[in-house]
Each structure stands twice: as C-alpha cells, then as structure tokens.
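Trainee: Here it is, the structure in full.
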Amino acid sequence: MSEAALKLAVEKAGGPAALGRVLGISGAAISQWQICPPLRVLAVENASGVSRHDLRPDLYPAEARREEFAA
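Numbering (the working numbering), first residue to last: 816 to 886.
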C-alpha cells in the first residue's frame with residue numbers, strides 16, 4: 816500500500832515539483848522514491864493529507880493496533 820499511498824500523496828500535493836518545493840528538495844528526487852523515506856513521512860503527510868500509516872505502515876501501525884499496546 817505504501818507505494819500507492821506515495822503516488823496518491825504526490826498527486827494530492829500537486830505533483831512531484833510542488834511537493835518538492837514544500838519539502839525543500841527537487842521534484843526529481845521525489846520522482847525517484849519507491850516509498851516515502853522515514854524522515855520525510857510527517858512532512859509528506861502534512862503536505863498531502865495522506866496519513867502516515869498509509870505512507871509507511873511498517874513505521875506507523877494502524878490506530879487500533881496502537882490502542883492495543885496502550886491498554
């Protein structure tokens with residue numbers, strides 16, 4: 816899902832160049848990503864509205880799963 820989520824995030828942000836401007840990197844760099852780099856997840860989430868869980872479920876487990884650990 817994370818590859819599809821990254822593609823959606825790039826589209827929602829207005830394309831790789833637009834997302835790159837927000838993140839302070841080139842659109843070409845974003846176009847090379849297969850998945851969202853760990854240090855960029857929160858910024859991409861803020862710029863696109865695509866959740867961190869969708870972008871990197873390996874790093875950000877589902878909300879329900881987090882609640883299980885908290886209990």
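C-beta atoms are modelled at their ideal positions from N, C-alpha and C, and glycine is treated no differently.
On a predicted model such as this, the values are computed, not experimentally measured, just so you know.
1. Please return the same chain residues whose Cβ sits closer than 6 Å to the Cβ of residue 856, not counting the five positions on each side in sequence.
2. Rounded to a whole number of angstroms, what is the C-alpha to C-alpha distance between residue 844 and residue 820?
3. So what does DSSP say about residue 853, is it helix, strand or coil?
4. Less than 8 Å between the CB atoms is what I'm expecting for residue 838 and residue 858, so what's the real figure, rounded?
5. By Cβ distance below 8 Å, which residues in the same chain neighbour residue 853 in space, the five residues on each side in sequence not counted?
6. Need the endpoints of the alpha helix (DSSP H) that residue 874 sits in, please.
7. Assuming contact is defined by CB atoms lying nearer than 8 Å, are residue 864 and residue 822 in contact in what I supplied?
Mentor: Well, looking at it:
1. 867, 870, 871
2. 17 Å
3. helix
4. 5 Å
5. 871, 874
6. Note, residue 874: premise wrong, no alpha helix (DSSP H); not H, not E.
7. no
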